[in-house]
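A.B. asks: Our numbering puts the first residue of the sequence shown at -13, with every later residue one more than the last.
Don't be surprised by glycine CBs; every beta carbon is placed ideally from N, CA and C.
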Amino acid sequence: MIINSRFFNRSELLGFLALAVLLFVILPLSLDIFRLNLVAKYLTYAFVGIGLVLCWGYGGILSLGQGVFFGLGGYCMAMYLKLEASSVENTKIQSTPGIPDFMDWNQLTSLPFFWKPFHSFPITLLAILLVPAFFALIIGAAMFKRRVGGVYFAIITQAIAAILTILIVGQQGYTGGINGITDLRTLHGWDIRTDHAKFILYFVEVVLLFGCIVAAQFIRLTKLGRILVAMREQEDRVRFSGYSVANFKIFAFCAAAVFAAIGGAMFTLEVGFMSPSFVGIVPSIEMVIYTAVGGRMSIFGAVWGALLVNFAKTSLSESFPQLWLFGLGALFIAVVLAFPNGLSGIWADHVQPRIDRLLASRKPKSASGYVADGAPAE
C-alpha cells in the first residue's frame, strides 16, 4: 500500500516515520537482547491499544475485557506450540506419551477434541483471528442488538474477563490451570528460546504492528470510520438516518478483538508461555490505561502509550515494586483530569502548533512580498 498525504497527514506521516526509525533502527542497535525482548513484550499491548482506539476512541465503546481476546489469541498460539513440544519422543516418560504434561498430571489419557486442530499451524493462525472474532461477535450481538452500552457494557465485559479467568483456572486438565501453558520450545522445529530467535521475532512483531496501524488507519478514513465517530457523538441521529448502529458497533468490537488476539499470539511467542493472569480484570484495565495515556483518539498515541507506561512499570517495579499500582492509578487520574486526549493531545494542542509556527517563520520570502512557492504572504 502506498502511504501518501491522503492516507496520512503531515503530522501522522512524521509520526509513522519516527516510530519506524525507533523500532526498526534505534532500539535494535542500542539495546541488548534482554531489553529488546522487553520492548517486544510492551509492543504486544500496543496491538490492544490500536483496537481500543477504533472501539473506544472512535466508536465510543469502552471495553474493560480486552484481556479476554488477548488471552484467546495467546492460548491459541500456546496450544500449537505445546503440542509441538509434547511429541511422543519428548514425553515418553509420561503415563500417556504424546499429550501435554499438565494433562498427564491430571490423569487425562487422550488429547481433548478441541486441542486436535492445533496440530496444524495454518489452522492455528486462522483460530488466532477467528476464535476471538467469533467470541466478540456473540458478545456484541447479545449486547448491542439490545442497545446495551456505556457503563453497563463496560461492566459486562469486565465480568466476562473474570468468568473466563475462573474457567481457565478451574479446568486445569485442559488449560494448564493457574500456571497456564508453559515450557514452549519450538515453532516448526525452530527453537524460539534462543537470542537469535528473539531478535527475529521482534522484527516480525514490528512488521505486524505496522500492518495493524495501516489497517486501523484505513478503517478510520473510510465511511465506516466517519460513521463510528458520528455514532459516538449522536447515536440516535445515526440510527434515524437509517444506519444499523448495532452492526457498526459489532464490527468495531470484533476488529478490536482481532487486533488484541494478534498481540496475544505474539506475546506467547516472545515470552514463551500464556497464563490466565493476562486474561482477567486487572490486565484489561491496564490495557485501557495504556490507550488513555497515549490518547484514545490516536493510533500512534496508543503505541507510544503502551511503550511508555510499560517502561515506567518496569523501571518503578525494579526499584519500588509496592508503589507501582498506586503510580499507575495516579497516572491515569492525572491524564483524565489534565490531559483527556493523552500524549497525542498534548502534541496536537501544544507542540505541533509551535512547530508549524516555527516552520512558517523560517519560510523564505521573495522581494515582492510573496513566499518562494508563489503563495501570497500573510
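In its own chain, which residues sit with a C-beta less than 6 Å from the C-beta of residue 88, not counting the 5 before and 5 after it?
C.D. replies: The answer, listed in chain order, is 162.
A.B. asks: Which residue wins for smallest C-alpha separation from residue 277, given the options 253, 243, 297 and 328?
C.D. replies: 328
A.B. asks: Please report the straight-line C-alpha distance between residue 222 and residue 126, rounded to a whole angstrom.
C.D. replies: Near 18 Å, if we compare the C-alpha coordinates of residue 126 and residue 222.
A.B. asks: What does the Cβ neighbour count give for residue 343, buried or exposed, with the cut at 16 atoms within 10 Å?
C.D. replies: exposed
A.B. asks: If we call anything under 8 Å between Cβ atoms a contact, is residue 134 one with residue 288?
C.D. replies: no
A.B. asks: Is DSSP giving residue 90 helix, strand or coil here?
C.D. replies: Residue 90: helix per DSSP, three-state reduction.
A.B. asks: Thinking just about the alpha-carbon of each residue, which of 273, 172, 341 and 337 is nearest to the one in residue 57?
C.D. replies: 273
A.B. asks: DSSP three-state label for residue 85, please.
C.D. replies: coil
A.B. asks: If we ignore side chains and look at the alpha-carbon of each, how far apart do residue -11 and residue 2 end up?
C.D. replies: Here residue -11 scores only 46 on pLDDT, less than 50, and its place in the model should not be relied on; the value that follows carries that caveat. Answer to the nearest angstrom: the Cα atoms are 10 Å apart.
A.B. asks: Alpha carbon to alpha carbon, how far is residue 176 from residue 182?
C.D. replies: 11 Å
A.B. asks: In this structure, how does DSSP classify residue 77 when only helix, strand and coil are distinguished?
C.D. replies: coil
A.B. asks: Between residue 285 and residue 202, is the Cβ-Cβ spacing less than 8 Å?
C.D. replies: In contact: residue 285 and residue 202 (Cβ atoms closer than 8 Å).
A.B. asks: Apart from the five residues on each side of it in sequence, which residues of its chain come closer than 6 Å, Cβ to Cβ, to residue 364?
C.D. replies: For residue 364, the predicted structure reports a pLDDT of 38, less than 50, and the residue's modelled location is therefore unreliable. A value from the coordinates is still provided. Hits under 6 Å: none found.
A.B. asks: Give a yes or no on whether the C-beta atoms belonging to residue 117 and residue 62 are separated by under 8 Å.
C.D. replies: yes
A.B. asks: Alpha carbon to alpha carbon, what distance is there between residue 236 and residue 5?
C.D. replies: 30 Å
A.B. asks: Apply the 10 Å Cβ neighbour rule to residue 29 and answer buried if 16 or more other Cβ atoms are within range, or exposed otherwise.
C.D. replies: buried
A.B. asks: With a CB to CB cut of under 6 Å and the five nearest residues on each side skipped, what residues in its chain are close to residue 295?
C.D. replies: 276 and 279
A.B. asks: Tell me whether residue 138 is buried or exposed, calling it buried when 16 or more other Cβ atoms sit within 10 Å of its Cβ.
C.D. replies: Exposed, since its Cβ has fewer than 16 Cβ neighbours within 10 Å.
A.B. asks: Using 8 Å for Cβ pairs, my map puts residue 238 next to residue 47. What's the rounded Cβ distance?
C.D. replies: 6 Å
A.B. asks: Excluding the five sequence neighbours on either side, which residues of its own chain have a C-beta within less than 6 Å of the C-beta of residue 241, listed in chain order?
C.D. replies: 40
A.B. asks: Measure the CB-CB distance between residue 37 and residue 245 and report whether it falls below 8 Å.
C.D. replies: yes
A.B. asks: Just confirm the distance between the C-beta atoms of residue 330 and residue 53, as a whole number of angstroms; I'd bet it's less than 8 Å.
C.D. replies: Going by Cβ atoms, the distance from residue 330 to residue 53 rounds to 23 Å, so no, they are not a contact pair.
A.B. asks: Look at the alpha carbon of residue 91 and the alpha carbon of residue 102, and state the distance between them as a whole number of angstroms.
C.D. replies: Their backbone Cα atoms lie some 19 Å apart in a straight line.
A.B. asks: Taking the alpha helix (DSSP H) that residue 347 falls in, what are its first and last residues?
C.D. replies: 338 to 347
A.B. asks: Please go through the same chain and pick out, in chain order, the residues whose beta-carbon is closer than 8 Å to the beta-carbon of residue 121, but skip the five residues on each side of it.
C.D. replies: 54, 55, 58 and 243
A.B. asks: Which of the three DSSP states, helix, strand or coil, is assigned to residue 8?
C.D. replies: helix
A.B. asks: Would you mind giving the Cβ-Cβ distance between residue 247 and residue 115, rounded to the nearest angstrom? I have them listed as a contact below 8 Å.
C.D. replies: Between the beta-carbon of residue 247 and that of residue 115 there is about 7 Å, and that keeps the pair under the 8 Å contact cut.
A.B. asks: So what does residue 260 bridge to, in DSSP terms?
C.D. replies: 167
A.B. asks: Should the region 159 to 173 be regarded as contacting the region 250 to 261, the criterion being three or more beta carbon pairs within less than 8 Å?
C.D. replies: Here the region 159 to 173 makes contact with the region 250 to 261; the two share three or more CB pairs at distances below 8 Å.
A.B. asks: What is the rounded straight-line gap between the Cα of residue 151 and the Cα of residue 266?
C.D. replies: 6 Å
A.B. asks: State the DSSP-derived secondary structure class of residue 376, mapped to helix, strand or coil.
C.D. replies: No statement about residue 376 is possible, as the shown extent of the chain runs from -13 to 364 and does not include it.
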